[in-house]
Each structure stands twice: as structure tokens, then as C-alpha cells.
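J.:
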Amino acid sequence: MMALDEIDHALLRALGQDATQSAGALGREMGLSQPATWRRIRRLQEAGIITGRKLELDAGKLGFGVTVFLGIKLATKGRVSLEDFERAVSAIPEVQTVEHILGMYDYRLRVTARDIADFERVLRRRVMTLPGVGSVDANVLLSEERRPGPLG
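Residue numbers (the UniProt record's numbering): 1 to 152.
(1) Under 9 Å, do Leu74 and Val133 count as touching if we go by C-beta distance?
(2) Quick one: give me the first and last residue of the beta strand (DSSP E) that Phe69 is part of.
(3) Please return the same chain residues whose Cβ sits closer than 7 Å to the Cβ of residue 176, not counting the five positions on each side in sequence.
(4) Could you check what DSSP says for Ser90 in three-state terms: helix, strand or coil?
(5) Ile116: buried (16+ other C-beta within 10 angstroms of its C-beta) or exposed?
(6) Among Met1, Leu4, Ser135, Met2, which one has its Cα closest to the Cα of Thr76?
(7) Use the C-beta contact count for Ile72: other C-beta atoms within 10 angstroms, 16 or more gives buried, fewer gives exposed.
(8) Work out the CA separation of Ala113 and Gln107 for me, nearest whole Å.
(9) So is Val89 buried or exposed if we call it buried at 16+ other beta carbons inside 10 Å?
(10) Going by DSSP in three states, Asp137 sits in which element: helix, strand or coil?
(11) Residues in its own chain within less than 6 Å of Thr67 by CB, not counting five upstream and five downstream?
(12) What number of angstroms, rounded off, separates the C-alpha of Leu123 from the C-alpha of Ile92?
(13) Under 9 Å between the Cβ atoms of Leu70 and Ile41?
(14) Where DSSP assigns a beta bridge to Leu109, which residues make up the other side?
(15) Does Asp118 come out as helix, strand or coil in the three-state DSSP assignment?
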């Protein structure tokens, strides 16, 4: 495991807030030169600590006003392989995340839809017809806020 100093932690916090910042802008904020900042970022990438940068979209502004979390319990784990279920569920465009979990459910899905009627269509025609699906529980997202991670 790579040892991180205070500057590394500050860089990770700053990139977590806005991953589009240039090495020059970050360096000015941290009191480093642009090349020194770039070297630190590159070292964090090579160590696998920074694994990528992602684009965040506003689903509501794109016409997807409903987000639902589904808890899926597979009917019989032996009859359908987990890989087959994961491959099939990952092919559904409305499914944003697929998490294999331990607890009451086997999987947790994040599903976006245009409205409740659209969600019902996705649930009936796509999710309930997946191989091995036993029971499904749904929780509709009312609001969401981003909380800072362990780096603060």
C-alpha cells in the first residue's frame, strides 16, 4: 500500500470536488508547481488510487425523473449462474448500477425511469423476466445529497 502525505490527501479531496481541474490550478492551490502536481497525480493513478474520472449527469434534466432502488432475491441460486443474471441485468439501459450484496437480497439495482408508468414497464417487461428472479422490493428515491467520502 502506498503511503500518502497531506498533499496527496489534499489533491484527492480537490479532485473529488472537481476532477476537471488542471494540474496547474491544483498546484497553485497546493503551493506546488504544475509538473510536481502532475507527477503526484500520475503516481496516484499508477498506484491504482485514482482509477478514473467520471461524468455526472442530471437525470431529471435528461427526462428521467424517477429513481428506484430494487432489492432482488434470486429464486434458486443453483439454477441460474450469477454471471448469467449479471450479464442480463447489465443489458437493461435503465439499470444504472448492479451491486452483488450480502444480506436480505442478492442484488441491489439502481434504476432510472421517465416516470412511475415508465418504471412499471421496466419492472414488468425487463426486470421481472430476468433469469432466476425470485422476489423484488422497490424503494423510490425522494431526494439525494452527496456526502463527502473518507477524505472529507
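Ideal Cβ placement from N, Cα and C applies to all residues, glycine included.
Only a predicted model underlies this, so the values are computations on that prediction, with no experimental measurement involved.
T.: With the structure as the only source:
(1) yes
(2) 66-74
(3) One cannot answer for residue 176 here, as it falls past the ends of the chain, which runs 1 to 152.
(4) helix
(5) exposed
(6) Ser135
(7) buried
(8) Reading off the sequence, residue 107 comes out as Tyr, not Gln. Straight-line Cα distance between these residues: approximately 19 Å.
(9) buried
(10) strand
(11) Thr112, Leu141
(12) 11 Å
(13) no
(14) Leu70, Val98
(15) helix
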